[in-house]
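*Asks:* In our numbering, the protein residues as written are 1 to 96. The following block contains the structure, expressed as structure tokens.
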């Protein structure tokens with residue numbers, strides 16, 4: 001907690017993942033900087049439904065390729081370029 005108070009005295013703004021964290025920091029600190037709540041992008045396991053609702057499948061007749069990755073991270077940029085520049089053309093030769 002001492003480290004948190006010291007860190008809070010050195011910054012202009014703090015981001016936390018919950019209102020509970022925000023309240024705790026506000027109560028523990030003498031330094032009054034704005035504390036914003038940015039919810040965690042990963043849901044709690046209790047909030048995830050055990051069964052997803054059925055949805056009608058869509059079929060375009062073509063395979064689907066999805067690239068998921070932050071393009072601000074150079075290895076992901078390299079992977080996306082390799083996927084579109086090398087791998088996808090090979091797939092198109094086999095599956096026109």
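The C-beta atom is built at its ideal place from N, Cα and C for all residues, glycine as well.
1) Pick helix, strand or coil for residue 12, following the three-state DSSP scheme.
2) Pair every Cβ in the region 11-24 with every Cβ in the region 38-57, then say whether three or more of these pairs are closer than 8 Å.
3) Smallest Cα separation from residue 33: which of 9, 76, 81?
4) Residue 87 by DSSP, collapsed to three states: which one?
5) Given this structure, state the Cα-to-Cα distance separating residue 84 from residue 65, to the nearest angstrom.
*Replies:* In terms of the structure at hand:
1) In this structure, residue 12 counts as coil in the three-state DSSP scheme.
2) Yes, they touch.
3) Ranking the options by Cα distance to residue 33, first place goes to 9.
4) In the displayed model, residue 87 falls within a helix according to three-state DSSP.
5) Cα-Cα distance, rounded: 10 Å.
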